[in-house]
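Using the numbering used here, the letters of the sequence shown correspond one by one to residues 109 to 562.
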Amino acid sequence: MDRHSSQTFRSLSEKVGRFRLTGKKLLIPQMNRIGGHLLAGIFRSFGIDAHVMETYRGLDLGKEFTSGKECFPCQVTTGDILLYMKEEKERLGPAFDAGNYIYFMPEAGGPCRFGMYNKHQRIVLDTFPELQDLKIGSLTSKDSYSLEGMLDKEQARSFRKAGYFSVVVADVLDRLLWRIRPYEKSRGAADAFIEKAMTVMADAFEAHGAALRFDPILDALDAVIEEGKGIIDPAVPPKPLIGVVGEIYLRTHVQSNQDVIRVIEKFGGEVVNASIAEWVNYTTYDRKREARIGLRLSFKQLRVKKIKEHLKSLLGYGIDLSYQQMRQNQVYKRVRAHLDLAEDHRLDRLENVLQEDDLYSFDVGTEACLSISGILEYMHHGYNGVVNVYPFTCMPSTITSSIVKPIMNRMKVPYLDAPYDGSYQPGREASIRTFMYQAQQHLNKHGRGSESHS
Ligand code: SF4
């Protein structure tokens with residue numbers, strides 16, 4: 109190994125991982141805006157100085173420091189961190205010290221490039237002498253995003269619970285926006301309201317997150333939902349119901365997907381987007397599944413030590429998954445007492461859906477597991493159309509498209525692939541408009557689907 113490679117290797121192993129957050133400024137990139145702010149609220153409740161970075165303004169920088177072969181979310185997030193640090197340096201002058209910051213960039217394993225974003229970004233950061241001390245705080249789906257090592261063991265456990273709760277609440281706020289905005293009495297009311305609601309809920313998490321006091325958080329959520337409901341004009345008839353699936357970053361990052369949900373709404377639709385909690389549940393479900401497979405194999409090989417290890421993992425991830433489902437049910441039950449927001453798909457149900465039709469397997473992994481089965485579930489629930497949103501060249505989403513498109517054609521359910529790479533395509537609006545025309549025809553012929561998924 110030459111000197112340069114060994115330096116890079118050392119940097120990847122020493123400056124990407126789990127670092128103590130105490131006393132550092134934690135920088136959270138925006139994926140879904142509300143989720144980022146609620147998460148920052150919880151970090152603050154644990155005494156961590158957490159900030160949500162602005163996004164997309166640094167895209168030119170992101171493109172300058174990538175080759176164009178990377179996935180689009182990698183370019184966007186690279187630009188976000190480079191611009192943030194550049195502006196901090198200008199703001200603080202000689203007092204600037206990159207060692208005071210930790211940039212939060214989780215990863216996912218599997219046959220995908222997301223596990224490489226933080227490595228690539230490390231290499232880019234190391235090309236700036238003044239940014240070499242900026243550490244990348246990374247969690248991984250390999251252990252279902254555990255925070256041990258970043259916080260004390262007890263705190264990490266509490267954080268995991270509060271963090272998951274915030275993910276579900278953020279999903280609910282997003283779904284509230286998509287439920288009320290197409291029916292708002294006055295234009296702009298839903299957006300203004302949700303911005304205010306995000307601050308209210310972030311404050312609630314900051315006040316109660318670390319102590320795991322979920323009741324006052326739910327009380328605040330009750331009030332938000334009740335107020336949001338008042339924005340709906342009951343005289344507006346139900347609109348075609350559109351399900352969105354796809355790559356998690358693109359389908360939730362409004363700037364990267366050129367606000368596709370708003371464009372669908374502009375042409376007459378109401379949208380339910382796949383949630384973030386679904387991905388978190390999937391990573392836990394998948395670890396549990398792996399442990400079960402490992403256990404079966406070690407029994408066959410009579411490897412006692414391995415049997416014990418797999419049993420422990422099976423039990424641990426089983427408890428985590430049950431806890432997550434319990435919390436998710438608790439939140440949706442509260443919320444649905446006020447308003448008919450769509451619930452999440454259950455993971456075992458999604459796996460069965462794929463098995464029944466022998467279309468794909470959880471053994472292969474990636475988000476295609478969720479997107480393909482999610483689309484089938486939308487179809488089973490009578491949705492009037494489905495949009496698959498993803499970064500141009502995204503592997504799991506391309507697999508999804510190739511498997512699902514013929515089925516949707518056969519079933520005569522409107523379907524649209526919406527890949528994005530930062531460029532503006534002149535025909536994009538026309539294709540969404542045509543898709544919405546088909547969705548309206550579908551609604552006229554078959555009626556409207558139901559938001560309830562459970
Ligand atoms: S899911 Fe798609 S965009 Fe994300 S890392 Fe994999 S290939 Fe890239």
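All C-beta atoms in this analysis are idealised placements derived from N, C-alpha and C, irrespective of residue type, glycine included.
- For the region 296–363, the full-length alpha helix (DSSP H) segments reaching 4 residues or more read 297–316, 322–337, 356–360 along the chain.
- Between Tyr-390 and Cys-502, the C-beta spacing is not below 8 Å.
- One Cα belongs to Asp-394, the other to Met-139, and the distance between them is close to 23 Å.
- For Met-161, the CB contacts under 6 Å within the same chain, skipping 5 residues up- and downstream, are Leu-135, Pro-137, Asp-188, Tyr-192 in chain order.
- Excluding the 5 residues flanking it on each side, Asp-299 has same chain C-beta neighbours closer than 8 Å at Leu-285, Arg-289, in chain order.
- Secondary structure of Gly-125 (DSSP, three-state): strand.
- DSSP places Asp-529 outside both helix and strand once states are collapsed to three, so it counts as coil.
- The beta carbons of Pro-522 and His-489 sit no closer together than 8 Å.
- Here Met-544 really is in contact with Ile-372; their C-beta atoms are around 7 Å apart, less than 8 Å.
- Less than 8 Å separates the beta-carbon of His-145 from that of Ala-310.
- In this structure, the alpha-carbon of Leu-447 lies about 42 Å from that of Gly-131.
- The C-alpha of Ala-305 is placed about 12 Å away from the C-alpha of Arg-141.
- Under the three-state reduction of DSSP, His-489 is assigned to coil, being neither helix nor strand.
- Our two residues, Ser-113 and Ser-119, have alpha carbons roughly 10 Å apart in a direct line.
- Within a 10 Å sphere around the beta-carbon of Ala-399 sit 16 or more other beta-carbons, which makes this residue buried.
- In this structure, Thr-248 lies near Pro-214, with their beta-carbon atoms less than 8 Å apart.
- For Tyr-431, there is no enclosing beta strand (DSSP E); the enclosing alpha helix (DSSP H) has its first and last residue at 412–444.
- The ligand SF4 has a heavy atom closer than 7 Å to the beta-carbon of Ser-505.
- Ranking Gly-155, Val-412, Ile-480 by CA distance to the CA of Glu-355 puts Ile-480 first.
- For Ala-385, same chain residues with a beta-carbon under 7 Å away, outside a window of 5 residues either side, are Val-275, Val-276, Asp-279, Gln-436, Asp-452 in chain order.
- Per the DSSP secondary-structure output, Gly-245 pairs in a beta bridge with Gly-125, Phe-212.
- DSSP places Val-472 outside both helix and strand once states are collapsed to three, so it counts as coil.
- Secondary structure within the region 165–238: the beta strand (DSSP E) runs of 3 or more consecutive residues, fully enclosed, are 209–212 (chain order).
- Per DSSP, Asn-365 is not a residue of any beta strand (DSSP E), being assigned neither H nor E.
- Separation of Lys-337 and Leu-484 (C-alpha to C-alpha, rounded to the nearest whole angstrom) is 29 Å.
- Take Ile-302, set aside five residues on each side of it, and the residues of its chain with a beta-carbon closer than 8 Å to its own are Ile-142, Leu-281, Leu-284, Leu-285, Gly-336, in chain order.
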